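Undergrad: Quick one: the structure is below, questions incoming.
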Amino acid sequence: MARSVDGLLSARKDHGMGITIGIDVGTVSTKCALFGAAERLRQIAASGDAVCSVFDYAPEPEKAVAVSGYRRIQGKPIDAVVEQVRELTGLLEPGELKSVVITGSSGKLVGEMLSIPVENEFKAAATGIGRIYPDVKNIFEMGGENSKFIRVACE
């Protein structure tokens, strides 16, 4: 399989806010979240099996977060990410993809190989949960390689 996501961020047309894809690639699996207009994400979810669930984004009711299923990487994280991103972007209109960002224990390796911006997984978790659930003070994450406790309360 080609190890490239070139061309996925083609010239944007006017699709409102567009779709952002966040990729979490670990040691065992990869999964994605899409962020964008709620109505559009529900259309995407109804069009196939690539998106499992759509959740309303409470701070902004017109927006939502959609999540993909877990995909085992079977020792090939780059190939797994390319396959999953291609599947998801195949559901989008030309130019609808606004951005892609990657995180996770294999995120730096995959991000560098595919020229995708990398975000620290602790920062990604704290920022995402903090925006959706501003009263949360602690996050417990159980991953395939390790577990994390993140305290997000400012004192």
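Numbering-wise (our numbering), the sequence shown opens with residue 31 and increments by one.
Virtual Cβ for every residue (Gly too), placed ideally from N, Cα, C.
The structure presented is a predicted model; accordingly, all values stated were derived computationally and were not measured.
1. Expressed to the nearest angstrom, what Euclidean distance is found between the alpha-carbon atoms of residue 156 and residue 59?
2. With a threshold of 16 other CB atoms inside 10 Å of the CB of residue 69, please say whether the residue is buried or exposed.
3. Would you be able to state if there are at least three C-beta pairs under 8 Å between the region 77 to 88 and the region 106 to 113?
4. In this structure, how does DSSP classify residue 166 when only helix, strand and coil are distinguished?
5. Taking residue 177 as the reference, give the member of 78, 57 and 51 with the closest Cα.
6. Out of 91, 148, 49 and 136, point me to the one whose CA is closest to residue 103's CA.
7. Please determine if the region 140 to 155 and the region 125 to 132 are in contact, where contact requires at least 3 C-beta pairs separated by less than 8 Å.
8. With DSSP run on the structure shown, which of helix, strand or coil describes residue 181?
9. CB-CB under 6 Å to residue 154, same chain, minus the five flanking residues each way: which ones, in chain order?
10. Once DSSP output is grouped into helix, strand and coil, what is the label at residue 47?
11. Taking 8 Å as the limit between beta carbons, can you name the residues of its chain near residue 47, skipping five residues before and five after?
TA: To lay it out plainly:
1. Distance between the alpha carbons of residue 156 and residue 59: 21 Å.
2. So residue 69 ends up on the exposed side.
3. Under the 8 Å Cβ criterion, the region 106 to 113 does not count as touching the region 77 to 88, having fewer than three qualifying pairs.
4. Coil.
5. Closest by alpha carbon: 57.
6. Comparing Cα-Cα distances from residue 103 to each of 91, 148, 49 and 136, the minimum goes to 136.
7. Because the criterion of three Cβ pairs below 8 Å is met, the region 140 to 155 and the region 125 to 132 touch.
8. Assigned with DSSP and collapsed to three states, residue 181 falls in strand.
9. Answer for residue 154: 133, listed in chain order.
10. Annotated three-state conformation of residue 47 is coil, per DSSP.
11. For residue 47, where only same-chain residues beyond five positions count, the Cβ hits under 8 Å are 66, 67, 93 and 128.
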